[in-house]
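Input: a single structure, listed below in structure tokens.
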Amino acid sequence: MADETRVQIEERYEIHPQFLFRWEPSQEAYVLLYPEGIVKLNQTAGEILRRCTGRMSVSDLIADLKAMFPEADADMDRSVRAFLEAANAKGWVRSKA
165 MADETRVQIE ERYEIHPQFL FRWEPSQEAY VLLYPEGIVK LNQTAGEILR
215 RCTGRMSVSD LIADLKAMFP EADADMDRSV RAFLEAANAK GWVRSKA
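Here it is, written out as structure tokens:
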């Protein structure tokens with residue numbers, strides 16, 4: 165299937181140490197800070213990355229988000245995995261062994 169991601173549900177992700185992830189009151193959003201700039205995250209991206217501590221599996225992360233947002237669409241699993249794949253490709257997160 166063409167839209168499957170390479171992110172496996174048992175993997176654990178953490179924010180790459182090059183980035184500083186935090187809530188920025190002036191932006192009213194989570195941000196990723198790095199030496200060359202800043203990435204302002206939307207609410208969904210912020211909630212996903214907030215859980216990327218290296219302790220939760222992708223499966224646990226999705227279950228946590230589903231509990232927080234029960235009205236979310238049925239495609240949450242695929243959407244979260246696709247976001248993590250994109251964030252990994254951008255170097256924002258890395259899989260923790």
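The sequence shown begins at 165 in my numbering and counts up by one. For every residue, glycine included, the Cβ atom is placed at its ideal position computed from N, Cα and C. Fair warning: this is a prediction, and the values are worked out from it, not measured in the lab.
Continuous beta strand (DSSP E) stretch holding residue i: start and end
| i | result |
| --- | --- |
| LEU196 | 193–198 |
| ARG258 | 257–260 |
Presumed contact (8 Å Cβ cut-off) between residue i and residue j, rounded CB distance
| i | j | result |
| --- | --- | --- |
| VAL257 | TYR177 | 4 Å |
| VAL171 | GLU249 | 5 Å |
| GLU188 | SER221 | Going by Cβ atoms, the distance from GLU188 to SER221 rounds to 28 Å, so no, they are not a contact pair. |
Other residues of its chain near residue i: CB distance less than 6 Å, five sequence neighbours each side excluded
| i | result |
| --- | --- |
| ILE202 | VAL195 |
Continuous alpha helix (DSSP H) stretch holding residue i: start and end
| i | result |
| --- | --- |
| VAL244 | 240–253 |
Exposure of residue i, with buried meaning 16 or more beta-carbon neighbours within 10 Å
| i | result |
| --- | --- |
| ALA231 | exposed |
| ALA251 | buried |
Neighbourhood of residue i by C-beta distance below 8 Å, restricted to the same chain and skipping five residues each side
| i | result |
| --- | --- |
| LEU334 | Nothing can be reported for residue 334: it is not among the residues displayed for the chain, which extend from 165 to 261. |
| GLY218 | ARG176, TYR177, GLU178 and LYS260 |
| ASP237 | SER243 |
Nonlocal neighbours in the same chain, by C-beta distance under 7 Å from residue i, ignoring five residues either side
| i | result |
| --- | --- |
| GLY210 | ALA193 and TYR194 |
Runs of beta strand (DSSP E) wholly within the segment 178–235 (minimum 3 residues, chain order): Taking only runs of at least 3 residues, the beta strand (DSSP E) segments lying wholly in the segment 178–235 are 184–188, 193–198, 201–204 and 217–221.
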